[in-house]
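A.B. asks: At position 239 of the sequence shown the residue is numbered 239 (our numbering), and the sequence of numbers has no breaks.
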Amino acid sequence: MKRRPVQGLMAAALLVTSLWSATPAFASSRLGEEVKIDVSQPEVDKAGFDISADYAVWMVEGEKTITLYDLDDNSETPIGNKSSAKTSPRVDGNYVVWIDSRDGGTDVYMYDVSKKKESLVSSGSKVTQLEISGKNIVWDDKSDKGTDIYLYNITSGDVEQITNSGKASNPSVGDTYVAWQDERNGSSDIYTYNLKTKAEKAAVTTRGDQVNPSISEDHVVFEDQSGDYKQIGSYDVNKGKTTILTTDSSDKTLPHAFETTYVLIDNGDLYFGDVNKSGKRKAASSIYEKLAPRVYEDYVLYAKKDKDSKIRLNLYDIDEKVSLPLGEVAGEPSQPAGSDRYVVYVSEGSNSDSVILYDVKKGTSKSITKTDASPSRPLVSNHFVVWYDDSEDALFSYNIAKGTTKQVTDEDDDQLPDEKLYEIDGDNLLWVNVDGRPELIVTNLDSGKDTEIMTLKKDPLSIDLYGNFVTWVQEESSNKASVYLYDIDEEDDIQIRKNVQVKEAKLGDDFVVWSEYTDTTKPSWDIYSYDIDRGKTTSLLRYNDRDQINPKVSRNMMLFEDNRLSPNAKDFYYELFDVEDGSYSDYSWDDDAEIEEASIGGNRIVWIDTRDDDPYVYTMAIGQPKDDDDEEEPTPEPEPGDYKEYTLLDLVINDSLDSFLEDTPSDKFIMVFFQGTNKEEVLSLIDIFHDMDHFDDLVESANLSEIQIRIYK
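1. Below 7 Å, is the gap between the Cβ of residue 409 and the nearest heavy atom of the ligand HEM?
2. Tell me the rounded alpha-carbon separation between residue 714 and residue 621.
3. Apart from the five residues on each side of it in sequence, which residues of its chain come closer than 8 Å, Cβ to Cβ, to residue 233?
4. For residue 418, which residues from the same chain have a beta carbon less than 6 Å from its beta carbon, with the 5 sequence-adjacent residues on both sides left out?
5. Where in the stretch 405-483 do unbroken runs of the beta strand (DSSP E), each at least 3 residues long, occur, reported from the N-terminal end onward?
6. Go ahead and pull the three-state DSSP assignment for residue 110.
7. Is it buried or exposed for residue 171, if we count other Cβ within 10 angstroms and need 16 for buried?
8. Alpha carbon to alpha carbon, how far is residue 51 from residue 295?
9. Given this structure, state the Cα-to-Cα distance separating residue 94 from residue 216, to the nearest angstrom.
10. So residue 424 packs on residue 386, CB below 8 Å; how close in whole Å?
11. CA-CA distance, residue 27 and residue 361?
12. Quick check on DSSP: helix, strand or coil for residue 660?
13. For residue 356, list the residues DSSP reports as bridge partners.
14. Is residue 275 helix, strand or coil by DSSP?
15. What does a CB cutoff of less than 6 Å around residue 129 pick up in its chain, not counting 5 residues either side in sequence?
16. Residue 599 and residue 338 look like a contact to me (Cβ under 8 Å); what is the Cβ gap, rounded to whole Å?
17. With DSSP as the reference, please indicate the residues paired to residue 569 in a beta bridge.
18. Which class does residue 557 belong to by DSSP, given the choice of helix, strand or coil?
19. For residue 671, which three-state DSSP category applies?
20. Considering only residues of the stretch 101-172, which uninterrupted alpha helix (DSSP H) runs meet the minimum length of 4 residues and lie entirely inside it, listed in chain order?
21. For residue 36, which residues in the same chain have their Cβ closer than 6 Å to its Cβ, ignoring the five residues on either side in sequence?
22. Using the Cα positions of residue 315 and residue 88, report the straight-line distance between them to the nearest angstrom.
23. By the three-class DSSP mapping on this structure, what secondary structure does residue 66 have?
24. Nearest to residue 176 by alpha carbon, out of 156, 186, 135, 491?
25. Is it buried or exposed for residue 565, if we count other Cβ within 10 angstroms and need 16 for buried?
26. Please list the terminal residues of the continuous alpha helix (DSSP H) segment that includes residue 650.
27. DSSP beta-bridge partners for residue 684?
28. Between the C-alpha atoms of residue 605 and residue 44, what's the straight-line distance to the nearest angstrom?
29. Considering only C-alpha positions, which residue in the set 488, 512, 483, 487 is nearest to residue 500?
30. Would you please state the rounded distance, in angstroms, between the beta carbons of residue 111 and residue 162? I believe it to be under 8 Å.
31. Taking Cβ positions, are residue 260 and residue 276 nearer each other than 8 Å?
32. Would you decide whether residue 442 is buried or exposed? Buried here means 16 or more other CB atoms lie within 10 Å of its CB.
33. Is it buried or exposed, residue 202, if we count other Cβ atoms within 10 angstroms and call 16 or more buried?
34. In terms of DSSP beta bridges, what is residue 82 paired with?
35. Less than 8 Å separating the beta-carbons of residue 585 and residue 577?
36. Going by DSSP, what residue range makes up the beta strand (DSSP E) through residue 225?
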């Protein structure tokens, strides 16, 4: 079919634009530089955080979505659009609220967790502080008349202005009362508002300033700044009585209350107390003083700054008197694996094990498994993580881009995976179904489609998947096995090594490698290679003395164990070999490295290292990442006011396409083909750049009136 001229020009323009403005491949650590991964907690920015009965909320440094963290199963859900700045996330019950800049101001947005629905609460606002309790949301809004407090009822949808002083700020809300600080009389005083009687009351109006109120039930705690040092006061709304709870010679700041418990910061330390009792008790030291701690029931959520000046969240259990990283994922690491951008490993906690996902680009990590899971052997490739769960006898996958977990295999479908025999490459998972005669199956993790490759005589000794090829080792007799290679496109298998002593084979760029026992006058394990293009087997690394075993491959690089230079033949060390160039790599570990469980994936190697006494995960980049492994964030789902949509035909007619292409960032320019039909496809410029052939096909098959352009804010 001949390409229509305007579509050909548009394709060229889009290509040039994406080449010019697309985000470059991420800058990871320098090649050959060791990176110690000791981050088992989220790194948060200074927008704030909150905790309730079921959830915690925060924002990860460098991101614009809010993290909704389920305290029961350690799962994380990003909420809010990915383009606007946000501050002050707050949570209570099933509702999350925050201040959002997407509409040009600082409005209040709300997310209903149960309905997974976001809505705009205030419009055209200039909000600096907000709080939520039950069905009530309060915020301060600055206008030409000053700053006043507003109340929103989630059930009725009604908004009420509850102050008219023009000097009100820092609101806090409970079931019955709203409290705030007000400067209507020159200094900051504490005022309250009764939600039932609609009556305002001047609560604390003593000399000096009283600021930062936090109300729970019938008590308001606040900072009293009337003396030489800032102290914490409490106001009993029913009795109209004020009590100063602290008196010693240091500043106490940023109080927060739940029921009768309150928390505060004192000279960089975290304390808690009871509004009905004198005295306070220390909970933690060296906390980050610029973010207020938040208390709910017996838990206090607070921030600490680590040695790298990154802010981490911790959870203090008042009953148990113990402080733990949020999510309790700081266990002993094991079973690491890596790809270009990500590293995964198992964190072995005292109560349960978790799969930890570390983002090399952002330097952040999180648990991606539920607390009742029993995960082992996690693998990562592109934007998928896969692991085996012993409690379910099943394989699970986690989509990094979408933040979703799926069970891949199901015993109800006669699927029983081997707990160790599975490998991942891109979107494809190779695994062995041992429910009956063993079957080699490739599952596409995006579509969920299963493709049976081969039914085997018995369980294989090893399997591997790379690109269009599958390899496995099949035991033929005692101490003898054969290596097989399968071409997925051709649906054809060949035996590339027959009746030798071999345990596993691995796939790289157009080759297969394995360690084979050579029975000569000086028997040893040596590494062999099969060239897929040439169909020829050669001895890759064969020495007269000692052994080369356990080769692992990624692309053209091979990691293996060697003992040629060890005083003791039982002591093995790791070597890195470039199969394509036929040479050893210049990259090496530090002399003090104590390496265990080393593996290779993408452009990096990962391992467990005990040089610091306690085990840590380390990683080292040994090559440049592939562009297609630098996964961009997925195109956001449409949200109210999030974008404007145009028909491509209209943009061509009025000659405005070029200006949109020139003025719009690549991640904000979205094309929709065949909207509203079962053929609908949504592509960003980055998607188009990564697969121009597919884009060309869509342009060929669609009319200009069938292509929509979305310009995101």
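Glycine included, C-beta positions come from ideal geometry on N, C-alpha and C. Remember, it's a predicted structure, so these values are computed and weren't measured experimentally.
C.D. replies: In short, the structure shows the following:
1. This structure simply doesn't include the ligand HEM, nor any ligand for that matter.
2. Limits of the chain in this structure are 1 at one end and 713 at the other, which puts residue 714 out of reach.
3. Sequence index remark: in the sequence shown, residue 233 carries index 233 (1-based). If we look at residue 233 and ignore the five residues flanking it on each side, its Cβ neighbours are 204, 210, 221, 222, 223, 224, 242, 243, 244, 245.
4. For the purposes of this step, residue 418 is identified with residue 418 of the sequence shown, where counting begins at 1. Excluding positions up to five away in sequence, the list reads 432, 434.
5. Annotation note: the stretch 405-483 contains the following uninterrupted beta strand (DSSP E) runs of length 3 or greater, listed N- to C-terminal: 417-425, 428-433, 439-444, 450-455, 462-466, 469-477.
6. Translated into the one-based positions of the sequence shown, residue 110 becomes position 110. Judged by DSSP in its simplified three-state form, residue 110 adopts strand.
7. Along the sequence shown, read from residue 1 onward, the residue named residue 171 stands at position 171. Classification for residue 171: buried.
8. Translated into positions along the sequence shown, residue 51 becomes position 51. Translated into positions along the sequence shown, residue 295 becomes position 295. So the two alpha carbons sit approximately 7 Å from each other.
9. Translated into positions along the sequence shown, residue 94 becomes position 94. Translated into positions along the sequence shown, residue 216 becomes position 216. If you take the alpha carbons of residue 94 and residue 216, they lie about 19 Å apart.
10. Along the sequence shown, read from residue 1 onward, the residue named residue 424 stands at position 424. Along the sequence shown, read from residue 1 onward, the residue named residue 386 stands at position 386. Sure, about 5 Å apart at Cβ, within 8 Å.
11. Along the sequence shown, read from residue 1 onward, the residue named residue 27 stands at position 27. Along the sequence shown, read from residue 1 onward, the residue named residue 361 stands at position 361. Because residue 27 carries a pLDDT of 38, less than 50, the predicted location of this residue cannot be relied on, and no value is offered for it.
12. Sequence index remark: in the sequence shown, residue 660 carries index 660 (1-based). Three-state DSSP puts residue 660 in a helix.
13. Here residue 356 corresponds to residue number 356 of the sequence shown, with the count starting at 1. Its beta-bridge partners are 345, 367.
14. Working through the sequence shown from its first residue, we reach residue 275 at position 275. Coil, per DSSP.
15. The count along the sequence shown starts at 1 and reaches residue 129 at position 129. Here the set comprises 140, 170.
16. Indexing the sequence shown from 1 puts residue 599 at position 599. Indexing the sequence shown from 1 puts residue 338 at position 338. About 7 Å separates the two Cβ atoms, so the contact holds.
17. Position 569 of the sequence shown, counted from the first residue, corresponds to residue 569. DSSP, once it has assigned bridges, lists no residue as partnering residue 569.
18. In the sequence shown, the residue the question calls residue 557 occupies position 557. Reduced to three states, the DSSP call for residue 557 is strand.
19. Along the sequence shown, read from residue 1 onward, the residue named residue 671 stands at position 671. DSSP places residue 671 in strand when its eight states are reduced to three.
20. As far as the stretch 101-172 is concerned, it has no whole alpha helix (DSSP H) run of at least 4 residues.
21. To locate residue 36, count along the sequence shown from 1; it is residue 36. The residues 616, 618, in chain order, have a CB closer than 6 Å to that of residue 36 in the same chain once the five nearest residues on each side in sequence are set aside.
22. Here the question's residue 315 lines up with position 315 in the sequence shown. Here the question's residue 88 lines up with position 88 in the sequence shown. Their Cα atoms are separated by approximately 19 Å.
23. Taking the first residue of the sequence shown as position 1, residue 66 is located at position 66. Three-state DSSP puts residue 66 in a strand.
24. Looking up residue 176 in the sequence shown gives position 176. For the residues 156, 186, 135, 491, the minimum Cα distance to residue 176 belongs to 135.
25. Here the question's residue 565 lines up with position 565 in the sequence shown. That one is exposed.
26. Within the sequence shown, residue 650 is the residue found at index 650, counting from 1. First-last of the alpha helix (DSSP H) with residue 650: 648-653.
27. Translated into the one-based positions of the sequence shown, residue 684 becomes position 684. DSSP links residue 684 through a beta bridge to 670.
28. Working through the sequence shown from its first residue, we reach residue 605 at position 605. Working through the sequence shown from its first residue, we reach residue 44 at position 44. Cα to Cα, the separation comes out at about 27 Å.
29. Position 500 of the sequence shown, counting from 1, holds the residue named residue 500. That would be 483, whose Cα lies nearest to the Cα of residue 500.
30. Within the sequence shown, numbered from 1, the residue matching residue 111 stands at position 111. Within the sequence shown, numbered from 1, the residue matching residue 162 stands at position 162. Separation of the CB atoms of residue 111 and residue 162 is rounded to 24 Å, and the pair is thereby denied contact status at 8 Å.
31. Locating residue 260 in the sequence shown gives position 260, where the first residue counts as 1. Locating residue 276 in the sequence shown gives position 276, where the first residue counts as 1. Cβ atoms of residue 260 and residue 276: closer than 8 Å.
32. In the sequence shown, residue 442 corresponds to position 442, counting from 1. With 16 or more other Cβ atoms within 10 Å, it is buried.
33. Position 202 of the sequence shown, counted from the first residue, corresponds to residue 202. With fewer than 16 other Cβ atoms from the protein chains shown falling within 10 Å of its own Cβ, residue 202 counts as exposed.
34. Here residue 82 refers to the residue found at position 82 of the sequence shown. Residue 82 is not bridged to any residue.
35. Here residue 585 corresponds to residue number 585 of the sequence shown, with the count starting at 1. Here residue 577 corresponds to residue number 577 of the sequence shown, with the count starting at 1. Taking 8 Å as the Cβ cut-off, residue 585 and residue 577 qualify as a contacting pair.
36. The count along the sequence shown starts at 1 and reaches residue 225 at position 225. Looking at the DSSP string, residue 225 is not in any beta strand (DSSP E), and its letter there is neither H nor E.
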